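Let me begin by presenting the structure, written as structure tokens, before commenting on it.
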Amino acid sequence: MIPSSTFHDRVHGLLAGTAVGDGLGAPFEGRPVVPATALTQWSFSTQRLDHTDDTVMTLVLAEHLSHQGVINQAVLASDFAVAWHHEPLRGYGAGAAQVLASVLGGVSWREAAVSVFSGGSWGNGAAMRVAPVAAVSRSPLEAAHLGRLSAEVTHAHEHGLHGAALQAAAAHLALHSDLSAPLDAAAFLDRLHPVVPSRIWHEKLLEIRALLARQADAEEAAAVLGNDISALGSVPLAVFAFLARGETPEAAFRFAIGGGGDTDTIAAMTGALVGARHGHSELPVSWTTRMEAAEQIKEIATRLVAAPVGT
Ligand code: F2R
Ligand code: MG
Ligand code: MG
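Each residue of the sequence shown is one higher than the last, beginning at 203 in the numbering used here.
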């Protein structure tokens with residue numbers, strides 16, 4: 203059992219890690235390669251870390267969960283839509299914006315979520331925001347279930363849902379991991395296996411194991427696992443960055459961004475896992491003090507920790 207002050211710090215870290223990864227990665231989003239010198243320069247800058255849709259939606263979900271510890275899909279869809287309408291220029295995906303505009307216009311989320319693309323979105327937008335469910339779940343499977351419920355309101359495609367389930371379960375495992383022992387990557391991956399009942403996702407987990415065994419660098423990992431805007435092509439890299447470098451927070455963020463591609467989102471997802479394991483107090487202060495929403499994140503973390511679990 204984790205002491206309550208530590209749990210609070212770790213939930214705070216989960217939210218702050220998301221925002222730090224998002225803000226650090228945002229200037230490089232879409233670049234196939236991120237030069238180490240450019241990343242170093244940006245990481246030492248004192249400029250504010252402005253966040254994007256990844257953090258906005260994560261905080262909306264965290265706030266939603268803080269009320270009763272459960273997901274009301276109609277209310278959540280509306281919460282996301284209101285946040286999008288308030289700040290539409292936070293770099294939302296085109297499909298996500300279309301779904302949220304429809305919801306705001308009175309279309310039910312069920313109808314809106316399947317109306318984009320063919321069979322709904324397989325983007326990583328549901329995975330990038332899902333980590334707060336870890337704070338109100340009692341097991342990785344329960345986290346994955348809540349993750350799927352939260353994802354469904356915008357991402358109806360099976361890969362959008364699987365991505366959210368995997369990241370939710372990973373966040374739960376990170377949040378409850380034993381800090382007195384080194385992270386056991388093989389055991390961590392074993393526990394992720396049942397949350398994604400899909401051959402192609404299981405292949406990704408196998409690739410993560412093989413990359414860990416040969417101590418792959420970020421460039422190789424991105425080439426094998428993907429680094430794009432899809433859930434299937436980004437969640438595995440985020441989990442890999444955590445398992446490969448997660449014991450040193452700063453290195454994990456750099457690794458996640460160093461793979462290029464959807465850098466804000468991959469670093470936001472890795473950041474959620476790193477922050478959940480080590481807590482806000484262990485994240486680099488030079489980065490947490492640059493966060494645009496530092497105060498809001500602190501307040502939401504306190505409310506989320508007070509939410510009922512498993513009701
Ligand atoms: N949108 C971006 N980045 C683009 C540039 C932003 C720029 N810096 C700016 O400031 O304007 N980033 C954000 O979007 C990603 C999350 O996307 P989400 O929420 O999943 O959106 P969407 O639209 O549902 O999916 C993303 C794209 O994937 C393709 N796609 C998805 N499902 C598809 C399907 N079934 N068939 C075909 N294509 C599909 C589409 O191109 C979608 O637009 C994060 O990176 C976040 O940071
Ligand atoms: Mg973004
Ligand atoms: Mg992104």
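Positions of the beta carbon are idealized from the N, C-alpha and C atoms, including for glycine. Values in this document were obtained by computation on a predicted structure and should not be read as measured data.
By the C-beta criterion, the segment 430-445 is judged to be in contact with the segment 458-474, since at least 3 inter-stretch pairs fall below 8 Å. Around the Cβ of Arg401, a 10 Å sphere holds fewer than 16 other Cβ atoms; the residue is exposed. Set against 7 Å, the gap from the CB of Ser304 to the closest heavy atom of ligand 1 is not smaller. If only complete runs of 3 or more residues are kept, the segment 470-504 shows no beta strand (DSSP E) anywhere. Between ligand 2 and Gly307, a heavy atom-to-CB distance of less than 7 Å is absent.
Looking at the DSSP output, Gly325 sits in a beta bridge with Ser432. In this structure, the CA atom of Gly477 is about 33 Å from the CA atom of Val318. Its chain contains Val262, His266 as the residues whose beta carbon lies nearer than 6 Å to that of Asp281, once the 5 sequence neighbours on both sides are disregarded; these appear in chain order. Annotation: the continuous alpha helix (DSSP H) that includes Ile410 extends over 401-415. Note: Arg350 is not bridge-paired with any residue in the DSSP secondary-structure output. The segment 210-229 and the segment 249-262 touch, with no fewer than 3 CB-CB distances between them shorter than 8 Å. Runs of the beta strand (DSSP E) spanning 3 or more residues and lying entirely within the segment 258-295 do not occur at all. In this structure, Leu394 places its C-beta atom within 8 Å of the C-beta atom of Leu368.
Counting C-beta pairs with one atom in each stretch, the segment 219-228 and the segment 491-507 have three or more that are closer than 8 Å, which means they touch. Secondary structure at Arg212: helix, using DSSP grouped into helix, strand and coil. With a cut-off of 7 Å, the C-beta of Asp252 is classified as distant from ligand 2, since no heavy atom of the ligand falls inside that distance.
Short of 8 Å from the beta carbon of Glu409, and not among the five residues preceding or following it, lie these beta carbons of its own chain, in chain order: Val426, Leu427, Pro438. Taking the Cβ of Thr467 as the reference point, at least one heavy atom of ligand 2 falls within a distance shorter than 7 Å. Thr490 counts as buried, since no fewer than 16 other beta carbons sit within 10 angstroms of its beta carbon.
Distance from the C-beta of Trp324 to the nearest heavy atom of ligand 1 is below 7 Å.
Runs of the alpha helix (DSSP H) spanning 4 or more residues and lying entirely within the segment 227-262 occur at 238-246, in chain order. Proximity of the beta carbon of Asp464 to ligand 3 is indicated: a heavy atom of the ligand is located closer than 7 Å.
Between the segment 315-330 and the segment 357-367, the count of Cβ pairs shorter than 8 Å is three or higher; the stretches touch. For Arg393, the enclosing alpha helix (DSSP H) has its first and last residue at 387-394.
In this chain, the alpha helix (DSSP H) harbouring Val441 covers 437-447. The beta-carbon distance between Arg456 and Leu251, rounded to whole angstroms, is 15 Å. This is too long to meet the 8 Å contact definition. The residue from Leu407, Ala336, His253, Val507 with its alpha-carbon nearest to that of Glu289 is His253. Taken through DSSP and simplified to helix, strand or coil, Gly225 comes out as helix. For Ser310, there is no enclosing alpha helix (DSSP H), as DSSP gives it neither H nor E.
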